[in-house]
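Trainee:
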Amino acid sequence: MYGDHATHCAGIAAAARNNGIHVAGVAPDAKLVSISNSLHGTTNSRIRRADGINWAWRNGVDVISNSWGSSTKHPAINQAIYNAFRYGREGKGCVIVFAASNDYRRPVSYPANCNDTIIAVGAIEKTGSLAPYSNVGEKLDVVAPGSDILSTMPNNMTGEMDGTSMACPHVAGLAALILERNPSLKVTEVNDLIEKNTKKITVDYSVIKKNGSWNNDFGYGLIDAHKTLMNTPRR
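Residue numbering for the sequence shown follows our numbering, beginning at 1453 and increasing consecutively.
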């Protein structure tokens, strides 16, 4: 994995058990595949990110976790995301999870907002309150822990980080657990299981969407791995 940020996110999703550094990922038996590289200062970073998504689905990746955003929309990114949903996992579709971004309550950012099949993830704090930096709004799907998260760092170290970047791999790890239990599920079925089996934070959930009651700040609610897996049918 490239750098502190990517290594930290990867550990949240799938750090192995009994690794000697006292952290384990949400899906410790999942196989991590790195498609990251140094993109800073390049003129074609959006094309390279689109190429990474296309590489992932073409090479058998089931869940694509994206703790990044872009200030500018790009058709290559949109097409790559569509390709992963349409053609990934032999037509069952890759699960694509994006961080909602850290713009202090502004609407969910791009690319998290560009396709309804994306799971857009906001962040909560240890208290259960919305993290003040988390983006919100109609494209938000769920929330997950994002503040003071301990995970892996380069050189066999650990460290804490904050952000919707940290919330995103919690959801990606849950998606991996679902597919470990039942790899025949379609992407829409995985998304529905995650969104229908959340824990509702004690706020107003008066809006009704496809997968139940919804809130502007918390989406469908806080992901609940135990409840979700108990309601995941075995193959």
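Beta carbons are placed, not taken as given, at the ideal position from N, Cα and C, and that holds for glycine.
1. According to DSSP, is V1623 helix, strand or coil?
2. Based on the DSSP secondary-structure assignment, which residues constitute the bridge partners of M1618?
3. Within its chain, find whatever has a CB closer than 8 Å to the CB of P1480; leave out the 5 residues flanking it on each side and keep chain order.
4. Among S1636, S1519, T1684 and G1543, which has the Cα closest to the Cα of F1550?
5. With a threshold of 16 other CB atoms inside 10 Å of the CB of P1527, please say whether the residue is buried or exposed.
6. Rounded to a whole number of angstroms, what is the C-alpha to C-alpha distance between Y1562 and N1643?
7. What alpha helix (DSSP H) runs, 4 residues minimum, are completely inside the segment 1489-1563?
8. For the segment 1557-1574 and the segment 1639-1655, state whether three or more C-beta atom pairs, one from each stretch, are separated by less than 8 Å.
9. Within 10 angstroms of the Cβ of L1592, are there 16 or more other Cβ atoms? Answer buried if so, exposed if not.
10. In the DSSP assignment, what are the bridge partners of G1574?
11. Would you give the residue range spanned by the beta strand (DSSP E) that G1664 belongs to?
12. Return the Cβ separation of V1623 and V1594 in integer angstroms, given the expectation that the two are a contact with Cβ distance under 8 Å.
Mentor: The short version:
1. helix
2. Residue pairing by DSSP places M1618 in no beta bridge whatsoever.
3. Excluding sequence neighbours, P1480 sits near A1466, A1467, A1468 and R1469.
4. S1519
5. exposed
6. 19 Å
7. 1497-1510 and 1527-1539
8. The segment 1557-1574, when compared against the segment 1639-1655, does touch it at the 8 Å Cβ threshold.
9. buried
10. V1595
11. G1664 to W1666
12. 6 Å
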